[in-house]
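Here is the structure we will look at.
Numbering (the working numbering), first residue to last: 22 to 457.
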């Protein structure tokens, strides 16, 4: 049966939604004392593509199945109320949301919001809505009417143990809030305001990405639940509410192609193995861990799969990073500098690489016994450079190996120019052996 409420005046007014200037009205804390046995997770969907839900179902480390089954040590069992994944439907599904609002749920709950929050007042001008779930009867209005998910968020957020925005649409507004949009879409932080605090005193927690990494979400939820259980400290978040241990470093700092950037070699076409900055990659200025963690099961990721970074985890996405697949203006300056310094760095590294690709034995023999191909012998110039290189490398340190002056012995196939005693006599001398 649809519930009856009084009409909210601002639901039919024009203009953009007001941002709370003060802390939302606090409700008495109804969270049980002691270790938690059960925690409800209410998943609300705003203007989204459901990519965040798909990403979470693909999480593997940690996976979501352990939480839902209640088999993770020290973790409470999680009851997920998801509009797509839940078995319940209709009024039976919505009833748990109503119980959370009324404070009769009997267990703490976490609100997860996917997608941006649209300005429902714009849609209400013509009697419509943007995103809704469930029905209710409103005083002075005939019949039942859909309940916007923004309304559910407004009702449930103050009593939630934590409110989590998942995906760039929920964390920063994302594509639905791009310049010129007709919906007035915004992020959870913009909607709830900077003074919002959950029942446990937490501001909005942001896990960006389009789509986000499922493992980033489940790992953060695990850390928060340990905190709610009293078994761990509050996880560290940055000034924008992102998990600091996941979003401090840039894509470039963990990228497998970063070495090419240092050496001043850049890809000219998609599919080239070098650094992708000159064909539109924003990795050097984007906070994201996808290259280190991988997309699913530690596999894949934008640069690992040959794609560029379009900065989908950043608050300025997409407006500040469009048009995509075009070299960033700052990248032109940095790559020009990198080409100049990289020319020297690249040559020095090639020399060091060539030096390290030879056994000490090969240097003494003057040849490389490889049957796979011809390896050029060291030139006199390289020998001189390596001589001074080794002097510098071992400066102030004791050189390992045999004492100077001890006769060198070489094992293996006899070669011209090697003394006939290249085999240690101790091997052939002994009981049952005669030296010839």
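Beta carbons: idealized from backbone N, C-alpha and C, even for Gly.
Opposing strand residues paired with residue i [DSSP bridges]
{"i": "residue 264", "result": "258"}
{"i": "residue 183", "result": "131"}
{"i": "residue 223", "result": "For residue 223, which the question treats as bridged, DSSP gives no partner whatsoever."}
{"i": "residue 102", "result": "63"}
{"i": "residue 317", "result": "320"}
{"i": "residue 137", "result": "68"}
{"i": "residue 81", "result": "84"}
Local conformation of residue i per DSSP, three classes
{"i": "residue 163", "result": "coil"}
{"i": "residue 157", "result": "strand"}
{"i": "residue 306", "result": "helix"}
{"i": "residue 345", "result": "coil"}
{"i": "residue 334", "result": "coil"}
{"i": "residue 311", "result": "helix"}
{"i": "residue 298", "result": "helix"}
{"i": "residue 396", "result": "coil"}
{"i": "residue 198", "result": "helix"}
{"i": "residue 53", "result": "In this prediction, residue 53 has a pLDDT of 44, which is less than 50 and means its spatial position is unreliable; what the coordinates show is noted afterwards. Residue state, collapsed to three classes: coil."}
{"i": "residue 328", "result": "coil"}
{"i": "residue 279", "result": "helix"}
{"i": "residue 340", "result": "helix"}
{"i": "residue 230", "result": "coil"}
{"i": "residue 426", "result": "With a pLDDT of only 49 at residue 426, under 50, the local geometry of the prediction cannot be trusted, and the value read off the model is given with reservation. Coil, per DSSP."}
Cβ-heavy atom distance, residue i to the ligand FMN, below 7 Å
{"i": "residue 268", "result": "In terms of ligand content, the structure shown is empty, and the ligand FMN therefore cannot be addressed."}
Min CB distance residue i to chain C below 8 Å
{"i": "residue 74", "result": "Among the protein chains of the structure shown there is no chain C, as only one such chain exists."}
Residue range of the alpha helix (DSSP H) that includes residue i
{"i": "residue 386", "result": "381-386"}
{"i": "residue 374", "result": "350-377"}
{"i": "residue 74", "result": "72-78"}
{"i": "residue 90", "result": "85-90"}
{"i": "residue 142", "result": "141-145"}
{"i": "residue 407", "result": "401-414"}
{"i": "residue 213", "result": "209-213"}
{"i": "residue 96", "result": "Premise fails: residue 96 is in no alpha helix (DSSP H) and is neither H nor E."}
{"i": "residue 190", "result": "189-193"}
{"i": "residue 120", "result": "111-123"}
{"i": "residue 237", "result": "235-249"}
{"i": "residue 272", "result": "272-275"}
{"i": "residue 174", "result": "170-177"}
{"i": "residue 288", "result": "That residue, residue 288, is in no alpha helix (DSSP H); it is neither H nor E in DSSP."}
Residue range of the beta strand (DSSP E) that includes residue i
{"i": "residue 59", "result": "59-66"}
8 Å contact criterion, which residue i and residue j should meet: CB distance rounded
{"i": "residue 181", "j": "residue 242", "result": "Contact flag wrong, Cβ pair sits at about 13 Å."}
{"i": "residue 64", "j": "residue 104", "result": "7 Å"}
{"i": "residue 232", "j": "residue 72", "result": "4 Å"}
{"i": "residue 220", "j": "residue 299", "result": "So it is not a contact: roughly 50 Å between Cβ atoms."}
{"i": "residue 195", "j": "residue 225", "result": "So it is not a contact: roughly 15 Å between Cβ atoms."}
{"i": "residue 297", "j": "residue 278", "result": "7 Å"}
{"i": "residue 173", "j": "residue 114", "result": "That pair is no contact at about 12 Å."}
{"i": "residue 80", "j": "residue 239", "result": "4 Å"}
{"i": "residue 143", "j": "residue 205", "result": "6 Å"}
{"i": "residue 366", "j": "residue 283", "result": "6 Å"}
{"i": "residue 275", "j": "residue 327", "result": "With a Cβ gap of about 17 Å, residue 275 and residue 327 do not count as contacting."}
Would you check if the segment 182-189 and the segment 84-98 touch, i.e. whether three or more CB-CB distances between them fall below 8 Å?
In the pairwise beta carbon analysis, the segment 84-98 is classified as not touching the segment 182-189: fewer than three pairs are separated by under 8 Å.
Does the segment 149-168 come within contact of the segment 122-129, defined as at least 3 CB pairs closer than 8 Å?
no
Pair every Cβ in the segment 351-370 with every Cβ in the segment 333-340, then say whether three or more of these pairs are closer than 8 Å.
Look at the beta carbons and you see the segment 351-370 not touching the segment 333-340: under three pairs across the two are nearer than 8 Å.
For the segment 206-226 against the segment 134-141, do three or more pairs of beta-carbon atoms, one drawn from each stretch, fall closer than 8 Å, so that the two count as touching?
yes
Cβ contact check for the segment 302-320 and the segment 394-403: 3 or more pairs under 8 Å
no
Using 8 Å as the threshold, is the segment 295-314 in touch with the segment 269-286, meaning 3 or more CB pairs across them?
yes
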